[in-house]
Amino acid sequence: MLYFNSFTFVNAKLLLLINYLGKMKINKKMLLGLMLAATTISTQAQALEGTKISDNWSIGINGGGVTPLTHSAFWGGMRGNVGLEVAKQLTPIFGLGVEGMWSVNTSESKTIFDNSSVMGLAKVNLMNLLGGYNGAPRLFEIEAVYGLGWLHTYGAKYNANYIGSKAGMNINFNLGETKAWTISLKPAVIWNLGAESGCQYNLDYAAFQLNAGVTYHFKGSNGKRHFTYGKLYNQGLVDNLNADINNLRNQLDNCNSQVADANNTIADLNAQNEKLNNELTECLNRAPIVETIANKTLESVVTFGQGQTSVAASQVPNVERIATYMKNNKESQVVIKGYASPEGNADVNARIARQRAESVKNMLVQRYKIAASRITAEGEGVGNMFSEPDWNRVSICTLIEE
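Here the numbering used here = 1-based position in the sequence shown + 2.
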């Protein structure tokens, strides 16, 4: 982003003016007033956007006619010319470009063109120079143009190179809402500064050129096809932003304090953890206390529905407890006794009681892979362990471990 230092520009001119007015014996109050005016102008400096190398490039097509200024009829010696121009606007006032032009052949040679010129151009926007730049091109503008470069004539008889110069103006009409296109009328005088003219601007070695051009302006980094002014911030807004920054710094200090407190808490917890680890290590290193229990027995009851001999899904956890214990205690054995309720005849009850014991045994062997040699299954007929007759439809699993 480029900043116009209007204070430097204005005050430099003002110093020259003061020096001149001092010679005219202007009083000090008037000088002070001029200084204050310059200071006021300096506060209005603006930030110019779109000043990168890639910004404000354009390409144009030119066409028209060219005729010698002397030794020839003005319109009778007119012939067509056509060319291209590539330009870059360095500031709203000053720009540079390269132009190539070719003149249609009217001589005896067989070439399409018999003259060409390639020139570097310097352009000054007079409207912006005198009236100031308002952030966008005007609809109508005038540019002063000066060029210097290479002239060439074609053909075996006339093939030669010369130094050329150009002076003229561009009368521009900037079209469209985005000012992407410019239509121009371009009158100019071109001098041949070759050996015959003695490297002088001699009208006897000059031609008048009248072209019309169409120029396309490429979009720049600011999203526009021309220079724009950035938004300036007043001191009040800057003060508010500084206050916000100070507030954020205070919040950061508070956060750092909280982090310090958290680190202290972590240190305390690490100390407690170390203490607990030491106690755990001490506990693990103690000699085991062995307690011998002889003929320890544990029981699990599996209930059945009336006339049922298969283990219901609700009773599987009771069988699984037996299996888990036996897996963890390899020397243990289990005795399973099946019972029936008093309904029915004695033979049927005896068979159901035996099947209930076998059903639990089969589940231990098949599902939980307990060795059958560790299981004893017996049918006990009608049970009388419980006061309610229906409660006696059970298999009682008794674990035995020496």
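Backbone N, C-alpha and C fix where the C-beta goes; we use that ideal spot for every residue, glycine too. Just so we're clear, the structure is a prediction, and the values are computed from it rather than from any experiment.
Setting aside the 5 residues that flank it on each side, L141 is surrounded in the same chain by F175 and N176, each with a C-beta closer than 7 Å to its C-beta; the list follows chain order. About 5 Å separates the Cβ atoms of R81 and V106, confirming a contact at the 8 Å cut-off.
With contacts defined by Cβ atoms closer than 8 Å, G149 and E87 do not form a contacting pair.
Beyond the five residues adjoining it in sequence on each side, G385 comes within less than 6 Å, by CB distance, of Y341 and N394 in the same chain, given in chain order.
For E145, the enclosing beta strand (DSSP E) begins and ends at F142 to T155. In the three-state reduction of the DSSP assignment, T267 falls in the helix class.
Between the beta-carbon of T230 and that of E51 there is about 5 Å, and that keeps the pair under the 8 Å contact cut.
When DSSP states are grouped into helix, strand and coil, Q310 belongs to the coil group. Going by C-alpha positions, G225 is about 44 Å away from T113. Here the region 161-168 makes contact with the region 179-195; the two share three or more CB pairs at distances below 8 Å. When DSSP states are grouped into helix, strand and coil, Q202 belongs to the coil group.
Contact between I63 and G215 holds: their C-beta atoms lie close to 7 Å from each other, under 8 Å. Contact between T305 and V362 does not hold, since their C-beta atoms are separated by about 11 Å, which reaches or exceeds 8 Å. Within the model, the alpha-carbon separation for L131 versus A209 is close to 29 Å.
Judged by pairs of C-beta atoms under 8 Å, the region 366-383 touches the region 339-354, as three or more such pairs exist. According to the DSSP assignment, Y164 belongs to no alpha helix (DSSP H) but to the beta strand (DSSP E) extending over A162 to L177. With respect to the 8 Å criterion, P344 and P391 are classified as neighbours on the basis of their beta carbons. DSSP places N117 in the uninterrupted beta strand (DSSP E) bounded by F115 to N127. Between H219 and K188, the CB-CB gap reaches or exceeds 8 Å. Annotated three-state conformation of K277 is helix, per DSSP.
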